[in-house]
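Note that our numbering has the sequence shown beginning at 49, numbered continuously upward. By construction, the Cβ of each residue, glycine as well, lies at the ideal position given by its N, Cα and C atoms. Just so you know, these numbers come straight off a predicted model, no measurement behind them. Written out below as structure tokens is the structure these notes cover.
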Amino acid sequence: MPAPAAGKLIIISGPSGAGKSTLVRRLFADPPGPLETSISATTRAPRQGEVEGVDYYFLTPDEFARRRAAGEFLECFEVYEGGHWYGTLQSEVAPRLAAGKWVVLEIDVQGTLAVLERYPDAVTIFVQPESMAELERRLRARGTEAESSIQRRLEGARRELPFAPRYRYQVTNTELDQALRDLRTILAGQAN
Ligand code: ADP
Ligand code: 5GP
């Protein structure tokens, strides 16, 4: 019996509000391969409509710290200064890769750099907005964040945008359908 094909790790980053979740949701509606998401853990509160175990595992800071100390995370970071912890659980990734799945991680830049040390062949994709002004408009239009949180996300965006060239692929999300086509083309190119 041939060994089962090892899976692929697909890392999608980009500033909050760039459109990552929207693109990934659309991608999964008609997946170009055996895609599965890794559900991250976070200490932030659920937004309206977010579901435990679907959007995130929502953990208390104590529970997060306990699982971190137990070595359960592939990577984890405090994503915003004075903000919340986010992390990728090993249990979300390793079993799926072993089963030949394409595991999609939606994580920040520092998380990506940490994962690349373990999985240097990961396919890295940076989703960027057409401009900071449009990013701010989308964050406000999404209506999910308080003003202080919007400001932290915009600061985070200014920090993260310079890392875009470190990713293997860049997708500029100006027009959603076009960005989705770009993402599909990138992923279709990984199927070999
Ligand atoms: P992220 O997951 O990167 O934080 P979201 O997917 O939540 O970003 O998108 C942020 C907001 O911008 C959402 O309200 C979403 O509907 C909207 N949005 C996403 N892509 C576009 C686009 N190409 N044009 C206009 N609005 C968009
Ligand atoms: P949000 O609060 O908008 O869902 O996510 C905020 C930021 O956290 C985004 O930049 C997102 O990419 C990042 N993020 C989400 N999950 C993880 C994770 O597991 N690890 C890391 N390092 N970042 C994450």
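- Collapsing the DSSP output to three states places S61 in a strand.
- In this structure, A227 sits near V175, with a CB-CB distance shorter than 9 Å.
- Note on R214: under 16 other CB atoms within 10 angstroms of its CB, so exposed under the neighbour-count rule.
- Per DSSP, G67 lies in no beta strand (DSSP E) and is assigned neither H nor E.
- Pairing E98 with F125, the inter-Cα distance amounts to about 21 Å.
- Less than 9 Å divides the Cβ of I60 from the Cβ of K68.
- If you draw a straight line from the Cα of L183 to the Cα of D110, it comes to about 33 Å.
- A distance criterion of 8 Å places the beta-carbon of P63 in contact range of the ligand 5GP, judged by its closest non-hydrogen atom.
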